[in-house]
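Data first, discussion second: the structure below is written as C-alpha cells.
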Amino acid sequence: MTHIRWGILGASKFAREHMGPAIHAARGAVLSAVASRNPASVGPFQEFAAECRAIAGYEALIADRDIDAVYIPLPHHMHVEWTVKALHAGKHVLAEKPIAMQAEDFDNLIAARDATGLLAAEAYMIVHHPQWQRARQMVADGAIGRVIHITGGFSYDNSDDPQNIRNQAAMGGGGLRDIGVYVLGSARYVMGEELENI
163 MTHIRWGILG ASKFAREHMG PAIHAARGAV LSAVASRNPA SVGPFQEFAA
213 ECRAIAGYEA LIADRDIDAV YIPLPHHMHV EWTVKALHAG KHVLAEKPIA
263 MQAEDFDNLI AARDATGLLA AEAYMIVHHP QWQRARQMVA DGAIGRVIHI
313 TGGFSYDNSD DPQNIRNQAA MGGGGLRDIG VYVLGSARYV MGEELENI
C-alpha cells in the first residue's frame with residue numbers, strides 16, 4: 163500500500179491533540195513532518211509519530227518532495243494564502259474551517275484547485291457526522307413534517323483568554339466565522355438547500 167505522506171503547517175493545539183494523532187492512526191497515511199517557527203514545538207507530535215520531522219518554516223514544508231498532502235490548522239485569515247501556495251507546490255490540501263473568509267477568496271481557491279488538478283478540501287465535520295446525516299435523512303423523508311423555520315445557537319466562553327485567535331476578528335475569529343459556520347452549515351446541510359434569510 164502506498165502511504166500518503168502528510169505535513170502539517172503549524173503546531174497548533176488542535177493539530178497536536180486531534181488531527182496529528184488522527185493522521186498518524188489512519189490507514190494509508192503517515193505523519194511525515196510539522197512546520198513551525200519553533201522546531202521544539204514538534205516534540206509532542208514525535209511522541210506518537212516518531213518518524214515526524216520538524217521543518218523550520220511553512221515554505222520549506224510545502225516545497226518538500228517527501229510530502230504529498232498538507233493539513234492547514236493556521237489562523238483563519240491564513241487559510242487561503244497557504245492553501246493556494248500548497249496547491250501550486252504540488253500538494254493536496256485539507257484546510258481547517260473556514261477555508262476562506264470572503265466569497266471572492268473561494269474563486270482563487272477554485273482556480274488554484276482547477277489549475278493544479280489537486281484536492282483542496284475543508285475540514286468541516288457536519289457532513290461527516292452521523293447525527294447530522296440522520297437529521298438530513300429525517301427531513302428528506304418528512305419524518306418531522308415540513309420545516310419552515312430554523313433557530314440555532316452555538317456558544318462557549320473563552321472570555322478569560324482575550325488573545326485567543328478565536329477572539330481576534332482580524333484573524334478570522336469571532337462568533338460568526340469561528341463557530342457560526344456550524345449553525346449555518348448544519349442548517350444548509352440538513353435542509354439540502356440554501357438559506358433565505360440569516
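Everything in the sequence shown is counted per the numbering used here, starting at 163 for the first residue and increasing by one. Heads up, the beta-carbon is just placed ideally off N, CA and C, and yes, glycines get one too. Just so we're clear, the structure is a prediction, and the values are computed from it rather than from any experiment.
Quick check on the DSSP output: the beta strand (DSSP E) that includes residue 254 runs from which residue to which?
Counting from one through the sequence shown, the residue named residue 254 turns up at place 92. Element bounds for residue 254: 254 to 258.
Can you find the residues in the same chain that come closer than 7 angstroms, C-beta to C-beta, to residue 347, ignoring five residues on each side of it along the sequence?
Taking the first residue of the sequence shown as position 1, residue 347 is located at position 185. For residue 347, where only same-chain residues beyond five positions count, the Cβ hits under 7 angstroms are 286, 288.
Run through the DSSP bridge pairs and tell me what residue 284 is partnered with.
Numbered from 1 along the sequence shown, position 122 holds the residue referred to as residue 284. Paired residues: 257.
Kindly list the residues whose CB is nearer than 8 angstroms to the CB of residue 306, restricted to its own chain and excluding five residues on each side of it in sequence; keep chain order.
In the sequence shown, counting from the first residue as 1, residue 306 sits at position 144. 300.
Indicate whether the contact test is met: 3 or more Cβ pairs, each with one atom in the stretch 310 to 318 and one in the stretch 251 to 261, closer than 8 angstroms.
Cβ pair count under 8 angstroms is below three, so no.
Of all the options 198, 332, 164, which has the alpha carbon lying nearest to the alpha carbon of residue 192?
Taking the first residue of the sequence shown as 1, we reach residue 192 at position 30. It is 164 whose Cα lies nearest to the Cα of residue 192.
Answer yes or no: do residue 343 and residue 298 have a C-beta to C-beta separation smaller than 7 angstroms?
Looking up residue 343 in the sequence shown gives position 181. Looking up residue 298 in the sequence shown gives position 136. No, they are not a contact pair.
When the Cα atoms are used, what is the spatial distance from residue 312 to residue 330?
Numbered from its first residue, the sequence shown carries residue 312 at position 150. Numbered from its first residue, the sequence shown carries residue 330 at position 168. Looking at the two C-alpha atoms, the distance is approximately 28 angstroms.
Beta strand (DSSP E) containing residue 196: first to last residue?
Residue mapping note: residue 196 aligns to position 34 of the sequence shown, counting from 1. Element bounds for residue 196: 191 to 198.
Under a three-way DSSP split, which group does residue 249 fall into?
Here residue 249 refers to the residue found at position 87 of the sequence shown. In this structure, residue 249 counts as helix in the three-state DSSP scheme.
What's the C-alpha gap between residue 186 and residue 172?
Counting from 1 along the sequence shown, the entry for residue 186 is found at position 24. Counting from 1 along the sequence shown, the entry for residue 172 is found at position 10. Each residue's alpha carbon lies about 16 angstroms from the other.
Just reading off the beta strand (DSSP E) that residue 232 is part of, what are its end residues?
Position 70 of the sequence shown, counting from 1, holds the residue named residue 232. Element bounds for residue 232: 231 to 234.
So, at 8 angstroms on beta carbons, what are the nonlocal neighbours of residue 181 in its own chain, with the 5 sequence-adjacent residues on each side left out?
Position 19 of the sequence shown, counted from the start, is the residue given in the question as residue 181. Here the set comprises 170, 233, 235, 285.
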